[in-house]
């Protein structure tokens with residue numbers, strides 16, 4: 439529980455800032471690295487994969503919209519699962535959420551280094567890489583440490599920057615195609631079902647991340663009203679940006695599957711080395727913005743765990759001057775730094791996608807439970823046919839999870855450590871509850 443007499447969080451995040459934060463949490467490394475893999479699997483039908491993945495995402499996101507409209511406290515997915523299913527499930531989901539966001543953010547930190555090598559080839563060597571990661575994560579930590587308003591402003595600015603980058607790329611490509619008297623290339627969906635299933639599974643990473651924006655509910659002005667709005671605005675914007683980006687890439691680069699930097703390669707095809715350099719700067723801005731959103735949003739789950747007595751009270755401390763959960767921010771930043779140094783882009787991506795599917799299912803399953811649970815605040819957004827949509831969303835998430843490729847040894851070890859951590863944490867929390875109960879009983883004797 440929070441320590442008595444400590445300062446409280448300040449509600450400073452408005453409706454459009456929540457929408458910008460959600461977009462910033464979604465648009466990360468995926469759109470800059472995945473188009474080539476989609477082209478390799480599906481060719482010119484690739485844009486349809488983004489649309490189908492958006493439909494699958496919409497099922498899950500709609501459940502998030504109703505569930506989030508019941509709560510106005512910090513915690514997001516952890517808080518929803520704890521309220522619906524009890525303390526042990528809430529703790530398990532918090533761990534899965536943590537590992538998913540840590541690895542997703544670490545993947546973006548590694549992609550930042552990869553694209554920085556466009557200008558500084560030595561950046562990917564061991565010592566320069568460590569220096570770059572130290573500098574980037576230190577600045578992000580300081581900005582979010584000294585106030586949620588500064589962190590929100592930073593998130594808004596980087597959201598605008600990444601949308602301008604991607605929007606400018608799409609418009610430039612459309613103009614280029616028009617001037618060359620070419621037509622945008624696209625093919626109707628075809629090919630093996632497995633290719634489509636595996637591709638959509640991969641896009642779980644690109645469309646995910648919105649749950650991070652739900653974490654700072656205790657610092658949003660009206661989260662119960664504004665979260666559904668922010669989620670749906672973000673999904674519409676991201677679907678348009680993702681689909682159009684894939685479309686222009688397969689039109690410009692028939693062999694786009696042969697490059698690991700498809701947007702930079704397309705920009706170089708249109709405008710030469712200068713185009714590739716400008717686009718690479720845009721990718722760096724996008725990755726930095728994504729990291730800023732995660733450092734803003736996800737430390738709040740540590741704060742929420744401590745606030746509910748599921749972690750030591752130190753994690754719920756609020757800085758007396760800056761009114762931020764400063765201890766939680768420092769712990770998250772330290773672990774993010776460790777994961778960024780230890781893992782590659784691809785390795786972090788796989789761990790994130792697997793963990794994410796588990797806690798997406800938990801929130802979807804929570805929707806019908808919270809509808810029946812007495813004492814739960816009314817939903818300010820009520821999803822039509824919510825129980826059916828929740829069932830479809832759970833089935834979709836589980837089917838994708840079951841079709842996931844076999845994990846390598848290192849990934850399996852990480853998930854095993856997470857499972858052990860969940861067990862130890864749950865036992866510790868149960869002991870704390872029994873100790874507190876015994877103390878209260880003794881007080882009445």
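Numbering (the numbering used here), first residue to last: 439 to 883.
For every residue, glycine included, the Cβ atom is placed at its ideal position computed from N, Cα and C.
For residue 658, the three-state secondary structure derived from DSSP is strand. In this structure, residue 491 sits near residue 645, with a CB-CB distance shorter than 7 Å.
Closest in alpha carbon position to residue 772, among 529, 544, 475, is 544.
Put simply, the backbone Cα of residue 666 is about 11 Å away from that of residue 460. Put simply, the backbone Cα of residue 714 is about 10 Å away from that of residue 700. With a threshold of 16 other beta carbon atoms within 10 Å, residue 748 meets it and is buried. By DSSP's assignment, residue 739 forms no beta bridge with any residue. Look at residue 451 here: in three-state DSSP terms it is strand. The criterion of a C-beta distance shorter than 7 Å is satisfied by residue 721 and residue 470.
Looking from the CA of residue 583, the closest CA among 737, 709, 684, 822 belongs to 737. Contact annotation: residue 835 and residue 797 have beta-carbon atoms that are not nearer than 7 Å. The region 645–655 makes contact with the region 504–514, as at least three CB pairs between them are under 8 Å. Sorting 581, 552, 810 by C-alpha distance to the C-alpha of residue 570 places 552 at the top. When the Cα atoms are used, residue 780 and residue 550 turn out to be separated by approximately 15 Å. Shortest Cα-Cα distance from residue 537 to any of 745, 682, 739, 447 involves 739. In this structure, 724 is the residue among 724, 521, 567, 760 with its C-alpha nearest to the C-alpha of residue 603.
In the three-state reduction of the DSSP assignment, residue 569 falls in the helix class, which pools H, G and I.
For residue 748, the three-state secondary structure derived from DSSP is coil. In this structure, the alpha-carbon of residue 567 lies about 5 Å from that of residue 561. Beta-carbon to beta-carbon, residue 744 and residue 751 are separated by about 6 Å, close enough to satisfy the 8 Å threshold.
Membership of residue 504 in the alpha helix (DSSP H) is indicated by the continuous run 484–506. CA-CA distance, residue 710 to residue 702, rounds to 10 Å. Boundaries of the alpha helix (DSSP H) harbouring residue 536: 525–554, taken from the DSSP string. The residues 805, 817, 819, 820, 821, 824, in chain order, have a CB closer than 7 Å to that of residue 504 in the same chain once the five nearest residues on each side in sequence are set aside.
Nearest Cα to residue 671 within the set 454, 617, 637: 454. For residue 506 and residue 518, the gap between their C-alpha atoms comes out near 8 Å. By the Cβ neighbour-count rule, residue 647 is buried, with 16 or more other Cβ atoms within 10 Å of its own.
Judged by DSSP in its simplified three-state form, residue 600 adopts helix. Looking only at 458, 450, 592, 611, the smallest Cα-Cα distance to residue 668 is reached by 458. Residue 818: not part of any alpha helix (DSSP H); DSSP gives it neither H nor E. Of the residues 631, 466, 697, 532, the one whose Cα lies closest to the Cα of residue 480 is 631. Judged by DSSP in its simplified three-state form, residue 810 adopts helix. Excluding sequence positions up to five before and after residue 500, its CB lies within less than 7 Å of the CB of 821, 827, all in the same chain and listed in chain order. For residue 636, the uninterrupted alpha helix (DSSP H) segment begins and ends at 631–645. Spatial neighbours of residue 449 in its own chain (CB-CB distance under 8 Å, excluding positions within 5 residues in sequence) are listed in chain order as 656, 657, 658, 659.
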